[in-house]
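Novice: To start, I am sharing the structure in question, which I have written as structure tokens.
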Amino acid sequence: MRIPMLSPIALGLMFAVHAAQAQTGEVMTTAPAFEDASCASADNCFKKRWIYVYANVGRYEGLADPYYKKLSELIANAKTLGYTGIAIDAGGSGSFQSMLVDPPYYKYFYENYKLLVQQAKEAGVDLIPVGARPEAVAFRHSELIEAIPVDQSKFTVKGATARIDDTQIVSDTGFELGSLEWHRLESSMQIDPTGGRPDPSNPSNTKALRIDAVAGASGTSRLLRYFNGLKPHTAYRVSFWVKKQNFGTPLLIQFWDPAGKTSIYRNYSSNLGWGTDSNGDWNKAGNVQADTQDWTRYTLDLNTLNNDGFRLYFGTWDAQMKTTGSAWLDDIEIREIGLPHPVRRGSLPVTVTSADGLTTYKEDADYVVKPERLEIVPTGRIRDNDKLLVSSYQSGLNFSGQSVPASSCSTAFFDEQKAIYEKVNTLFNTPSKFFIYYDEWRVMNWDPSCKDASAGAYLARTASAMQDTLRSVNPKLELYIWNDMFDPNVNAVPVYFTVNGDLTGSWNGLHQDTTVMNWSTRSQAQAPSLTFFSDKNFRQMIALYYDDTKLDATKAWLDTLKTADQAGSVKGVDGFMYTTWYDIAKASDGDHYADLKRVTDLIRTQYGQYWPKEKTSVQPAQ
């Protein structure tokens, strides 16, 4: 990789850093401070003390770049407070995979990183790149994203086009009948006899569901409906209308499996889901809601997955009502949809057969695939009014609002990850550490070419190969990884979101010398989680803080470690990471690194047995 020459402004910044260090008499070091020191605790010692930063570096030059500016400040603070590393999670257009395009999206990407790497080296602070996300591959290879099977949708040919047979599965869509199938779980949710959406084609539509909110009150108000007896691997388009009047709390729609064990559709980036336009393409943005709005129609697409039904939930959950007002819901329809956002590659074909399955038609000769329909070739074998069975694979995009991972069942997955890391390795001057971002991986293991026995086996294979891939570039690389997808106390469980199969056993893919970054936030899971990885002889770090301004949860996490340490049930915790997800460049988010010193002081004063004693050295006189 060619790193561009530094501009005069950038050179000036570098010389300024040197001058400041010369004036303060600070000694330049090349390694993090006292990682080889000892602690009062023989079994657990915070030799590694990191700060986690989301930083979209490179849009502007030097200090004009808010991410660069904050990172530069944090490097200086890290050294002062005794931290040994900063984990950089590059996102947005400044993500590490953007280095695979030339030029990169951000003009000053390389230049700003070169300055930061140099500053960190001189401060003795490790910069740890965070990456290898499973969705990174889809940056250039969207055809590799996970896609969910849609089996044998029933199409009918009308003229030159075949579309899915119209199947609407909701009765009492407008709450006119007071159907007992609609379960209003809180009294704040009522049927409004005159609140219905005006519809000239249906003048009897006078009712709607109304949710009332009182400012300052607890805001849990839920609507529930069960849908059973459906066919697995069937796609549906949900449409609904919402009106709001001074209702400041965001409404949420989500779908769960029939047993209520896990969500199968919950878009975390858009509470009301993400819709599709009239051409069958995704809308440019998720479904937006305002505090006050007239009747607005929304859509979203889901899939029954391996289930024979689902639960629909709508309302608010554990919210503090900001205003006194009302919201209305009306005209909920759920219709089967054919060929929704199809993903196509060698292992994911579109298959079209006759209704009896005896004849398989050929693409281009008999039909052409279009969004949500087939165009019939006049010279082909398909005739007007024919019944067809159409199978495809539905894009996993927007099911969870997280970026959709690529399938790892293609060698292209690891080839692309290797290409990205080669760029990262050069950018960070052969870093000693790398943090693999496998976290809340919610769509997984749907490609039929995968031969893994379970989702756990799929993830274990992927994780093992990923570790090998990174070390094929940098053999001495220390690797770190989030705990949750490998932890039976968190997400390595039999049923998890839109994952195909049981995630149990995923931990078998972790190499013994990979350190587990434990971010368990549920107090009930923390001790079992620490013990689980300790029993398997993994080293661990704990990720703490999470914008816990009162530090109560931070103390509880540290108390859990202390109790386990005293009981002798946990060994090998050799670090912690100050963690916040907030965007450092957004002033509206506030400064979530302002508590860095408070957390540092807390650990040093109340949990000092885990803070290493610094080895002092005196420079000989020149």
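In mature numbering (1 follows the signal peptide of the UniProt record, and there is no 0), the protein residues as written are -22 to -1, 1 to 600. Quick reminder that beta carbons are idealized off the backbone N, C-alpha and C, glycines included. These figures come from a predicted structure and were not determined experimentally.
Are there 16 or more other CB atoms within 10 angstroms of the CB of residue 204, so buried, or fewer, so exposed?
Specialist: Taking the sequence shown and counting its residues from 1, the one referred to as residue 204 is at position 226. Result: exposed.
Novice: In this structure, how does DSSP classify residue 588 when only helix, strand and coil are distinguished?
Specialist: Here residue 588 refers to the residue found at position 610 of the sequence shown. Note: residue 588 maps to helix in three-state DSSP.
Novice: Please report the residue range of the beta strand (DSSP E) in which residue 463 lies.
Specialist: Taking the sequence shown and counting its residues from 1, the one referred to as residue 463 is at position 485. Where residue 463 is concerned, there is no enclosing beta strand (DSSP E), given that its DSSP letter is neither H nor E.
Novice: Starting from the C-beta of residue 450, find all residues in its chain whose C-beta is less than 8 Å away, skip the five residues before and the five after it, and write them out in chain order.
Specialist: The count along the sequence shown starts at 1 and reaches residue 450 at position 472. Answer for residue 450: 396, listed in chain order.
Novice: Who are the near neighbours of residue 294 in its chain, counting only those whose CB is closer than 6 Å to its CB and skipping five residues on each side?
Specialist: As a working mapping, residue 294 is identified with position 316 in the sequence shown. For residue 294, where only same-chain residues beyond five positions count, the Cβ hits under 6 Å are 197, 199, 227.
Novice: Within the chosen definition, does the segment 400 to 407 reach the segment 336 to 348 through at least 3 CB pairs nearer than 8 Å?
Specialist: The segment 400 to 407 vs the segment 336 to 348: no contact.
Novice: Tell me the rounded alpha-carbon separation between residue 591 and residue 101.
Specialist: If you number the sequence shown from 1, residue 591 lands on position 613. If you number the sequence shown from 1, residue 101 lands on position 123. Answer to the nearest angstrom: the Cα atoms are 19 Å apart.
Novice: Whether or not the segment 375 to 391 and the segment 353 to 364 are in contact is what I'm after, with contact meaning three or more pairs of Cβ atoms, one per stretch, closer than 8 Å; do they touch?
Specialist: They do not touch, by the three-pair rule.
Novice: Nearest to residue 623 by alpha carbon, out of 223, 113, 297, 248?
Specialist: This structure cannot settle anything about residue 623, because the visible part of the chain is limited to -22 through 600.
Novice: Pull up the distance between the alpha-carbon of residue 271 and that of residue 262, whole angstroms please.
Specialist: Here the question's residue 271 lines up with position 293 in the sequence shown. Here the question's residue 262 lines up with position 284 in the sequence shown. Answer to the nearest angstrom: the Cα atoms are 20 Å apart.
Novice: For residue 40, name the three-state secondary structure that DSSP assigns.
Specialist: Within the sequence shown, residue 40 is the residue found at index 62, counting from 1. Reduced to three states, the DSSP call for residue 40 is helix.
Novice: Can you pull the DSSP bridge partners for residue 28?
Specialist: Against the sequence shown, residue 28 aligns to sequence position 50. Residue 28 is bridged to 63, 555.
Novice: Where in the segment 51 to 135 do unbroken runs of the alpha helix (DSSP H), each at least 4 residues long, occur, reported from the N-terminal end onward?
Specialist: Qualifying alpha helix (DSSP H) stretches, in chain order: 87 to 101.
Novice: Closer than 7 Å by C-beta to residue 300: which residues in its own chain qualify, once you throw out the five before and the five after it? Chain order, please.
Specialist: Residue 300 sits at position 322 when you count from the first residue of the sequence shown. Cβ within range, chain order: 193, 226, 227.
Novice: Note down the Cα distance separating residue 417 from residue 560, rounded to an integer number of angstroms.
Specialist: Within the sequence shown, the letter at position 439 stands for residue 417. Within the sequence shown, the letter at position 582 stands for residue 560. Spanning the two alpha carbons is a distance of roughly 17 Å.
Novice: For residue 330, write down the residues that DSSP places opposite it in a beta bridge.
Specialist: On the sequence shown, position 352 is the one that residue 330 refers to. In the DSSP output, where bridge partners are listed per residue, residue 330 has 368.
Novice: Only counting runs of 3 or more residues, tell me where the beta strand (DSSP E) segments fall wholly within the segment 449 to 493, in order along the chain.
Specialist: Counting only runs of 3 or more, we get 456 to 460.
Novice: Check residue 218 in the structure and name its three-state DSSP category.
Specialist: Your numbering for residue 218 matches position 240 in the sequence shown. Residue 218: strand per DSSP, three-state reduction.
Novice: Keeping to the same chain, check which residues put their C-beta closer than 7 Å to that of residue -1; ignore five residues upstream and five downstream.
Specialist: Your numbering for residue -1 matches position 22 in the sequence shown. Low confidence applies to residue -1: its pLDDT is 35, below 50, so where it sits in the model is not reliable, and the reading given next is rough at best. Once the five neighbours on either side are set aside, residue -1 has no close Cβ partner at all.
Novice: Write down every uninterrupted run of the beta strand (DSSP E) in the segment 290 to 357 whose length is 3 residues or greater and which is fully enclosed by it, in chain order.
Specialist: Taking only runs of at least 3 residues, the beta strand (DSSP E) segments lying wholly in the segment 290 to 357 are 303 to 314, 329 to 332, 345 to 348, 351 to 354.
Novice: Check for me: the alpha helix (DSSP H) holding residue 399 runs from which residue to which?
Specialist: Indexing the sequence shown from 1 puts residue 399 at position 421. Unbroken alpha helix (DSSP H) run through residue 399: 389 to 405.
Novice: Opposite residue 271 in the DSSP bridges: which residues?
Specialist: Taking the sequence shown and counting its residues from 1, one reaches residue 271 at position 293. DSSP lists 222 as partners of residue 271.
Novice: Should the segment 132 to 147 be called in touch with the segment 271 to 290, which here means at least 3 C-beta pairs below 8 Å?
Specialist: No: fewer than three Cβ pairs fall under 8 Å.
Novice: Please classify residue 171 as buried or exposed, where buried requires at least 16 neighbouring CB atoms within 10 angstroms.
Specialist: Stepping through the sequence shown from its first residue, residue 171 is reached at position 193. So residue 171 counts as exposed.
Novice: Count the other CB atoms, across all protein chains shown, that sit within 10 Å of the CB of residue 80; report buried if there are 16 or more and exposed otherwise.
Specialist: Taking the sequence shown and counting its residues from 1, one reaches residue 80 at position 102. Answer is exposed; the Cβ neighbour count stays below 16.
Novice: May I ask you to report which of helix, strand or coil DSSP gives residue 503?
Specialist: Your numbering for residue 503 matches position 525 in the sequence shown. Three-state result, residue 503: helix.
Novice: So what does DSSP say about residue 580, is it helix, strand or coil?
Specialist: Taking the first residue of the sequence shown as 1, we reach residue 580 at position 602. The answer is helix: DSSP assigns residue 580 an H, G or I state.
Novice: Starting from residue 422, follow its DSSP beta bridges and name the residues at the other end.
Specialist: Sequence index remark: in the sequence shown, residue 422 carries index 444 (1-based). For residue 422, which the question treats as bridged, DSSP gives the partners 477.
Novice: Does the count of Cβ pairs from the segment 548 to 558 and the segment 25 to 32 closer than 8 Å reach three?
Specialist: Contact between the segment 548 to 558 and the segment 25 to 32 is present, because at least three Cβ pairs lie under 8 Å.
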